[in-house]
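In my numbering, the protein residues as written are 2 to 86. Beta carbons are placed, not taken as given, at the ideal position from N, Cα and C, and that holds for glycine. Below: the structure, in structure tokens.
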């Protein structure tokens, strides 16, 4: 039911934001990776919710000290936003 209607339910985004805000970088990375992957699979790479989740994943990776992966993710989001806009 959290994916009905062609969107990612806001509770999934809020849960991830809570992990990030609490400084739980490992769990935040795992959460955002799962949500971004699910969004891309269920909604498509250009869907706004996919780009939001992927952006949150990039931020979480940077916060976790995984700069190379974080920068790669941020570039993917930037490219996706350019295609959509």
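Q.
Within a Cβ cutoff of 6 angstroms, which residues of the same chain sit near residue 18, ignoring the five residues on either side of it in sequence?
A. Once the five neighbours on either side are set aside, residue 18 has no close Cβ partner at all.
Q. Given residue 85, which residues of its chain have a CB within under 6 angstroms of its CB, disregarding the five upstream and five downstream residues?
A. Excluding sequence neighbours, residue 85 sits near 47.
Q. By how many angstroms is the C-alpha of residue 38 removed from the C-alpha of residue 45?
A. Looking at the backbone, the Cα of residue 45 and that of residue 38 are separated by about 10 angstroms.
**Q.** Spatial distance of residue 6 from residue 35 (CA atoms)
**A.** If you draw a straight line from the Cα of residue 6 to the Cα of residue 35, it is about 19 angstroms long.
(Q) By the DSSP assignment, the alpha helix (DSSP H) with residue 52 in it spans what residues? (A) It spans 49-64 - the alpha helix (DSSP H) in which residue 52 sits, taken as one unbroken run.
**Q.** Residue of 14, 43, 58, 70 minimising C-alpha distance to residue 30
**A.** Its Cα nearest to that of residue 30, the residue 58 stands out among 14, 43, 58, 70.
**Q.** First through last residue of the alpha helix (DSSP H) which encompasses residue 21
**A.** Taken as a continuous stretch (DSSP letters only), the alpha helix (DSSP H) holding residue 21 covers 11-22.
Q | Rounded straight-line distance, which links the Cα of residue 14 to that of residue 56 | A | Each residue's Cα considered, the two are about 11 angstroms apart.
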